[in-house]
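For the sequence shown, our numbering gives the first residue as 206, with consecutive numbering after it. Glycine included, every Cβ here is placed at the ideal spot set by N, Cα and C. Before any comments, here is the structure.
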Amino acid sequence: LRRPGEPDARWPAILSAAAGRAPEPRLLAEIAPGRAYFPHHLGFDHRRLLGQLRARFALERVAGSPWRGGPLFLNSEAYMVARKSEDPA
């Protein structure tokens, strides 16, 4: 592990993230008043983002990388092609 003892380098957190459950709470670091970021992460669950995109756009294509033909949860990146939805709902 890269940083033994750090929140994103503990086996329970790694196994939880691998199962699709992000560990909570996440460490939030303030970089300026009212501005913060997450210094550690164990990946990103694209399901919520895809749901929000589908609510507003027509998704034409979703692909993962580096394993293009595989499911998103086995990839470290996701690429989406979205167009403005024709449905006014």
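Limits of the alpha helix (DSSP H) - the one that residue i falls within
{"i": "residue 218", "result": "216-223"}
Residue environment, residue i, which counts as buried when at least 16 other CB atoms sit within 10 Å
{"i": "residue 247", "result": "buried"}
{"i": "residue 233", "result": "exposed"}
{"i": "residue 277", "result": "buried"}
{"i": "residue 209", "result": "exposed"}
{"i": "residue 206", "result": "Its pLDDT being 49, under 50, residue 206 is placed unreliably by the model, and the measurement read from it follows with that caveat. Residue 206 is exposed by the Cβ-count criterion."}
Paired residues, beta bridge with residue i - DSSP
{"i": "residue 264", "result": "287"}
{"i": "residue 229", "result": "BP columns for residue 229 are empty, so no partner."}
Residue i: first and last residue of the uninterrupted beta strand (DSSP E) it sits in
{"i": "residue 235", "result": "234-237"}
{"i": "residue 241", "result": "240-242"}
Through-space distance from residue j to residue i, alpha-carbon basis
{"i": "residue 227", "j": "residue 262", "result": "26 Å"}
{"i": "residue 223", "j": "residue 287", "result": "27 Å"}
{"i": "residue 254", "j": "residue 284", "result": "12 Å"}
Proximal residues to residue i (C-beta, below 8 Å), its chain only, five neighbours per side dropped
{"i": "residue 279", "result": "269 and 272"}
{"i": "residue 265", "result": "286, 287 and 288"}
{"i": "residue 256", "result": "none"}
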